[in-house]
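Just below is one structure, and these are the notes that go with it.
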Amino acid sequence: GAVVSQHPSWVICKSGTSVKIECRSLDFQATTMFWYRQFPKQSLMLMATSNEGSKATYEQGVEKDKFLINHASLTLSTLTVTSAHPEDSSFYICSARDEVRSSTDTQYFGPGTRLTVL
Amino acid sequence: GQNIDQPTEMTATEGAIVQINCTYQTSGFNGLFWYQQHAGEAPTFLSYNVLDGLEEKGRFSSFLSRSKGYSYLLLKELQMKDSASYLCAVKSGGSYIPTFGRGTSLIVHP
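Here the protein sequences come in this chain order: A and B.
Here the first sequence is numbered in the numbering used here, starting from 4 and rising by one per residue.
Here the second sequence is numbered in the numbering used here, starting from 40 and rising by one per residue.
This is the structure we're talking about:
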């Protein structure tokens with residue numbers, strides 16, 4: 004149980020284009036999902052908390068107009084990197100809590116998306 | 040804020056035991072996670088501690104001392120596939136969202 008999928012697993016795009024990443028909870032509903040970014044040999048950095056049916060909550064220093072988050076249903080959140088630049092190249096990972104089955108706030112992670120901006 | 044400290048890298052021999060430490064400084068501690076992350080993959084949940092003591096789960100055990108702000112992950116009978124990064128993550132201040140440490144890269148060699 005508690006499986007999270009992410010698509011695509013990797014993407015290469017040109018500078019200035021936009022890229023959409025999908026995160027789905029496959030066997031549970033998640034009112035809240037989380038988007039992280041991880042640079043090589045660095046820790047997971049929380050970018051934003053995605054809330055179903057309402058606006059996302061962004062961490063300090065994360066541009067909400069650049070990283071658009073939409074959480075349209077209880078099983079799907081999307082992250083769109085707009086006008087991507089080479090410095091946005093990173094490993095993007097989503098996660099979700101199974102609020103029904105987990106009492107410990109354990110997060111279950113998707114497999115990640117490797118974004119490379121040329 | 041929180042301050043989470045883990046060693047950057049450790050090496051160990053196949054079949055041996057290794058202990059990965061994590062120290063933290065935080066207010067309102069509310070739980071500590073250990074995750075395993077293989078290169079290029081997402082983290083997978085290993086353990087959760089909120090009370091003092093040792094939690095054993097197969098070859099992996101996790102220990103917590105709240106008064107010392109200290110936890111360790113113990114891996115027994117090491118296998119080559121245990122080569123990975125091990126992330127310590129702490130919940131605090133009433134938030135259900137943990138803060139992750141930088142991770143410890145464990146290299147298991149024959």
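All residues carry an ideal CB built from backbone N, CA and C; glycine is no exception.
The model shown is predicted, which means the values in this text are computed figures rather than measured ones.
Flag this pair as yes or no: are the beta carbons of residue i and residue j separated by less than 8 Å?
i         : j         : result
ASN88(B)  : SER106(B) : no
ALA123(B) : PHE139(B) : no
SER12(A)  : THR81(A)  : no
LEU103(B) : ILE56(B)  : no
GLN9(A)   : PRO89(A)  : no
GLY108(B) : TYR63(B)  : yes
ASP108(A) : TYR135(B) : yes
ILE59(B)  : LEU117(B) : no
ALA99(A)  : SER21(A)  : no
GLN53(B)  : PRO149(B) : Looking at the sequence provided, one finds Glu at residue 53(B) rather than Gln. Yes, they are a contact pair.
ARG141(B) : GLN45(B)  : yes
So what's residue i in DSSP terms, helix, strand or just coil?
i         : result
GLU90(A)  : helix
ASP121(B) : helix
ILE43(B)  : strand
GLU53(B)  : coil
HIS74(A)  : strand
LYS67(A)  : coil
GLY108(B) : coil
GLY70(B)  : strand
ILE96(A)  : strand
THR65(B)  : coil
TYR111(A) : strand
ARG104(A) : coil
THR123(A) : Nothing in the structure corresponds to residue 123(A), since chain A is present only between 4 and 121.
HIS148(B) : strand
Strictly under 8 Å for the Cβ-Cβ distance: is residue i near chain B by that measure?
i         : result
PRO11(A)  : no
LEU121(A) : no
GLY115(A) : yes
PHE112(A) : yes
ASP108(A) : yes
GLN32(A)  : no
LEU71(A)  : no
THR20(A)  : no
THR52(A)  : yes
Measuring only between beta-carbons, confirm whether residue i sits less than 8 Å from chain A.
i         : result
GLU80(B)  : yes
PHE102(B) : no
GLY92(B)  : no
GLY140(B) : yes
GLY108(B) : no
ILE59(B)  : no
Are the C-beta of residue i and some C-beta of chain C separated by less than 8 Å?
i        : result
GLY64(A) : The structure shown contains no chain C; its protein chains are A and B.
By Cβ distance, which residues of its chain are closer than 8 Å to residue i, with the 5 residues on each side in sequence left out?
i        : result
SER92(A) : LEU118, THR119, VAL120
Excluding the 5 residues flanking residue i on each side, which residues of the same chain have their C-beta closer than 6 Å to its C-beta?
i        : result
ARG40(A) : MET48, MET50, SER93, TYR95
SER53(A) : MET36, ALA59, ILE72, HIS74, SER80
GLY19(A) : SER86
Which same chain residues, not among the five before or five after residue i, have their C-beta less than 7 Å away from its C-beta?
i         : result
LYS96(B)  : SER86
LEU77(A)  : GLN32, ALA33, THR34, GLU55
SER110(B) : CYS61, LEU71, ASN88, SER101, PHE102, LEU103, CYS127
Task: Secondary structure, beta strand (DSSP E): runs of 3+ residues fully inside the region 11-48 of chain A - done: Fully enclosed beta strand (DSSP E) runs of 3 or longer: 13-16, 22-28, 35-41.
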